[in-house]
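Protein chains: 2
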Amino acid sequence: MSKNGVAQHCPIVRGVSTLGDTWTMLILREAHVGVTRFDQFRKNLGIAPTMLTKRLAALTDGGLLEKRLYSERPPREDYVLTPAGQDFLPVLLLFGAWAQRNCDGQFARFIDETTGQEIEPVGVDAVSGARLGSRPIKVSMEGAKPATEGSEIHP
Amino acid sequence: MSKNGVAQHCPIVRGVSTLGDTWTMLILREAHVGVTRFDQFRKNLGIAPTMLTKRLAALTDGGLLEKRLYSERPPREDYVLTPAGQDFLPVLLLFGAWAQRNCDGQFARFIDETTGQEIEPVGVDAVSGARLGSRPIKVSMEGAKPATEGSEIHP
DNA sequence: GTGACTAACTACTAAAATGATAGTATCTCG
DNA sequence: CGAGATACTATCATTTTAGTAGTTAGTCAC
């Protein structure tokens with residue numbers, strides 16, 4: 001897919017190209033919910049084993065999952081989230097929050113187990129504290145080629 | 001793809017199933033950067049026109065983009081983000097932030113045009129203010145079938 | 001009016017990804 | 001020994017995607 005100069009250095013493009021695939025994200029969701037085994041992923045998702053093998057391998061390569069020997073006799077391996085994989089949770093939750101706001105239907109809610117209250121996942125800028133989308137943003141390539149000035153994102 | 005009882009009511013599943021496709025997300029990125037026209041999407045992304053037509057139609061149907069007549073003579077239409085489409089920006093920014101943290105390479109940065117400072121997109125719970133991922137979360141289906149108790153997400 | 005040009009698509013075909021199903025390998029347990 | 005568990009691999013039909021060319025509808029320069 002990826003052609004030549006498609007915003008070569010944009011982190012969004014990179015992130016989406018790496019993980020922006022339906023099965024990949026659904027697998028990561030399962031992993032966050034505690035699934036670790038091949039057959040459990042397969043049954044929960046109804047995914048073909050060939051696909052699952054391929055996606056798990058990609059996620060393992062990509063450093064989001066790690067194989068772990070969970071039984072010596074018989075030797076069996078499963079898949080656990082690495083820190084990079086855990087770091088993907090906020091993206092999944094924002095995806096869910098978007099659907100809750102913008103799709104029709106009856107949805108489950110996210111509950112904070114510490115407080116028992118419903119959660120409302122939102123994106124903010126950790127530096128200013130401002131809600132993402134409330135201010136204009138520039139995507140800037142500083143340091144590298146000075147020619148490449150960035151695109152702008154206007155809310 | 002989508003089978004039967006695959007966490008039928010999980011908003012993450014719904015969101016990912018609806019928009020969790022590489023081209024779809026890249027198109028939305030372009031739209032946020034200001035692209036509105038067919039040929040501009042096509043050239044920027046290097047996407048085949050057939051694919052682009054299909055994805056734009058899906059996004060238009062899904063209520064993320066809207067066709068707009070931008071010229072009467074000759075009659076020409078382009079695509080602009082609806083509020084639901086704009087609401088997807090935080091997801092894209094978190095995707096980018098994930099890649100900045102977890103992928104190798106030189107990346108562009110996000111700059112707040114108001115302050116000139118670099119942005120650090122993160123996910124938080126708007127209710128408690130806690131960083132997403134810092135506390136255990138439960139996905140709960142309340143109100144509907146009482147049998148369906150939710151999965152848990154442990155940080 | 002004719003020919004060059006723009007812009008949004010559609011048509012067609014080849015290549016690649018996906019889905020469904022069955023089967024293999026290895027080990028345990030009764 | 002035979003049945004069951006579990007993590008896959010093999011195979012092939014179907015679907016999706018990619019690449020390229022062409023169509024339609026109009027403007028504009030002459």
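Protein chains in written order, with the numbering used here: chain A, 1 to 155; chain B, 1 to 155.
Glycine included, C-beta positions come from ideal geometry on N, C-alpha and C.
Small disclaimer: the values here were computed from a predicted structure and weren't measured.
Contact check, residue i vs residue j, beta carbons under 9 angstroms
{"i": "A126 (chain A)", "j": "P75 (chain B)", "result": "no"}
{"i": "G85 (chain B)", "j": "H154 (chain A)", "result": "no"}
{"i": "L92 (chain A)", "j": "L45 (chain A)", "result": "no"}
{"i": "G96 (chain B)", "j": "L94 (chain A)", "result": "no"}
{"i": "Y70 (chain B)", "j": "F41 (chain B)", "result": "no"}
{"i": "S140 (chain A)", "j": "R109 (chain B)", "result": "yes"}
{"i": "P136 (chain B)", "j": "D112 (chain A)", "result": "yes"}
{"i": "T115 (chain B)", "j": "S128 (chain A)", "result": "yes"}
{"i": "F38 (chain A)", "j": "L64 (chain A)", "result": "no"}
{"i": "R68 (chain A)", "j": "T36 (chain A)", "result": "yes"}
Residue-chain proximity (residue i, chain B), Cβ-Cβ < 9 angstroms
{"i": "L26 (chain A)", "result": "yes"}
{"i": "T114 (chain A)", "result": "yes"}
{"i": "T18 (chain A)", "result": "yes"}
{"i": "P90 (chain A)", "result": "yes"}
{"i": "S71 (chain A)", "result": "no"}
{"i": "E120 (chain A)", "result": "yes"}
{"i": "K3 (chain A)", "result": "With a pLDDT of 40 at K3 (chain A), under the threshold of 50, the modelled position of this residue cannot be trusted, and the question is left open."}
Cβ of residue i within 9 angstroms of any chain A Cβ
{"i": "R68 (chain B)", "result": "no"}
{"i": "G143 (chain B)", "result": "The predicted position of G143 (chain B) is uncertain, since its pLDDT is 49 and thus under 50; a value taken from the coordinates is nonetheless stated next. Output row for G143 (chain B): interface = yes."}
{"i": "A80 (chain B)", "result": "What sits at residue 80 (chain B) in the sequence shown is Val, not Ala. No - not a single Cβ of chain A is within 9 angstroms of the one on V80 (chain B)."}
{"i": "D125 (chain B)", "result": "yes"}
{"i": "D61 (chain B)", "result": "no"}
{"i": "L65 (chain B)", "result": "no"}
{"i": "T22 (chain B)", "result": "yes"}
{"i": "H154 (chain B)", "result": "yes"}
{"i": "R135 (chain B)", "result": "yes"}
{"i": "P74 (chain B)", "result": "no"}
{"i": "V6 (chain B)", "result": "Note that V6 (chain B) scores 43 on pLDDT, short of 50, meaning its location in the model is unreliable; the coordinates nonetheless yield the value given after this. Yes, because at least one Cβ of chain A sits closer than 9 angstroms to the Cβ of V6 (chain B)."}
8 angstroms contact criterion, which residue i and residue j should meet: CB distance rounded
{"i": "E66 (chain B)", "j": "T53 (chain B)", "result": "That belief does not hold up - the Cβ atoms of E66 (chain B) and T53 (chain B) are roughly 16 angstroms apart, past 8 angstroms."}
{"i": "L26 (chain A)", "j": "L132 (chain B)", "result": "Their Cβ separation, rounded to whole angstroms, is 19 angstroms, which puts L26 (chain A) and L132 (chain B) out of contact at 8 angstroms."}
Contact set between the region 38 to 58 of chain B and chain A, restricted to residues whose Cβ is under 7 angstroms from the partner: N44, L45 and G46
Contact the region 4 to 23 of chain B vs the region 20 to 27 of chain A: 3+ CB pairs below 8 angstroms: Verdict: yes, contact present.
Stretch pair the region 96 to 110 of chain A + the region 7 to 17 of chain B: three plus CB contacts closer than 8 angstroms: yes
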